[in-house]
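Quick note on numbering: my numbering labels position 109 of the sequence shown as 97, and the sequence is numbered without any gaps.
Heads up, the beta-carbon is just placed ideally off N, CA and C, and yes, glycines get one too.
Data first, discussion second: the structure below is written as structure tokens.
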Amino acid sequence: MTDGNPAAVLRVRGVTKSFGGAAALKDVDLDLYPGEIHALMGMNGAGKSTLVQILSGVHQPDGGTVEIDGHAESGLTVRRARRLGVASVPQRRELAMGLTVAENAHTLRQLAKRARDLDEAALTARRAAQERRHAAELAAITAAEAKAREARGVDPVLVAATLRGLLDGEDGIVVDETITHSRLVKRHLLTDAPDSYFYVQGGLGQGIAVALGVKLAAPRRPVVLTVGDGAFAYNPVIQSYDAAKAYGLPLLVVVFNNRVYKSMNLNHRRFYPDGAAAETGEWLGTDLHRLPRLARFAEPFGMHTETVDTADALAPALERALKAVAEGTTAVVDVLVTR
């Protein structure tokens, strides 16, 4: 409080940010006070989105300071920004790209009218039902993880839950190219921060390259690739490891290795239930037991490698791997899962 006026809840001084050789922000100052509403206006490339992303922890400034509630925030992350009450809704211009300005305004008026005409009782009932479903899902997740901890060997649920615990508070990003285990991984990671989980779309064998791109875009955040052993075999592993080392892009690669190309096996059964494989029991191309230990492919590059086949060894191995990544070395943990 100064001279009877409230203190700024958010203060920006001298913030600069460049991408390559292009300056997005230069010596930006901004004060936001309680109860104020501001509009950032400018031409494309003026730095509006960049400033919002810096304030919400998506990007780090190259220079200057950001203060929230009077405290300087260095290395602000999305998760910490949200805890401090700063969050952003990413722009999605394509949602109304086909509408004129007048049509957009009319749509907004209709949405506002609907908001005024909401049936509060029905809304309360829907919210309560959703909260019950959410509570039931969390209970089911807890039960599944308890069962996984008691299972023999390394259950894939345990791998996802352990990663979640180790990444808690670290502002990590998970790039997922598991196929058989994809729903399981997403369910037990329980990610809720923006840009914290990406599932690889568009074709098998792109996971490592996508993870490298994510690391290039977010160099200060730990990036984890979760990948099945079948998908791993489709990736350009050698070239990607070379790129990771040459360009300083350390990743943690966690292989969910069940020693079978299970998604292909399931598709064989689905499309050819009475085929030759079903008759002979010989599912060509799906047995991966003969592959060498997958972590070994990283050894010639001087990377941190581990193979895990017991539950007790899982968390310590992942901790060591994350430590290596934090120190600038890619780590590969080949986890021999039970299913």
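Chain-order list of residues whose beta-carbon lies under 8 Å from that of ALA139 (same chain, five-residue window excluded): LEU146, ALA299, THR326
Between the CA atoms of VAL46 and ALA(-5) - distance to the nearest angstrom: 25 Å
Inter-residue spacing [alpha-carbon to alpha-carbon] between GLU158 and GLY35: 27 Å
Boundaries of the alpha helix (DSSP H) in which GLU287 is found, first to last residue: Run containing GLU287: none; DSSP gives neither H nor E here.
GLU315 versus ALA301: straight-line alpha-carbon distance, rounded: 21 Å
Rounded straight-line distance, which links the Cα of LYS203 to that of LYS250: 29 Å
C-alpha gap between THR53 and PRO22, whole angstroms: 20 Å
ALA34 (DSSP reduced to helix, strand or coil): coil
Delimiting residues of the beta strand (DSSP E) encompassing ASP164: 161 to 165
Which of helix, strand or coil DSSP assigns to TYR229: helix
First through last residue of the alpha helix (DSSP H) which encompasses ILE25: Careful: ILE25 lies outside any alpha helix (DSSP H) and carries neither H nor E.
As assigned by DSSP and simplified to three states, the class of LEU20: strand
Member of GLN189, ARG209, ILE196, THR168 whose CA lies at the smallest distance from the CA of ASP183: ARG209
Own chain residues within Cβ distance below 7 Å of GLU307, not counting five before or after: LEU154
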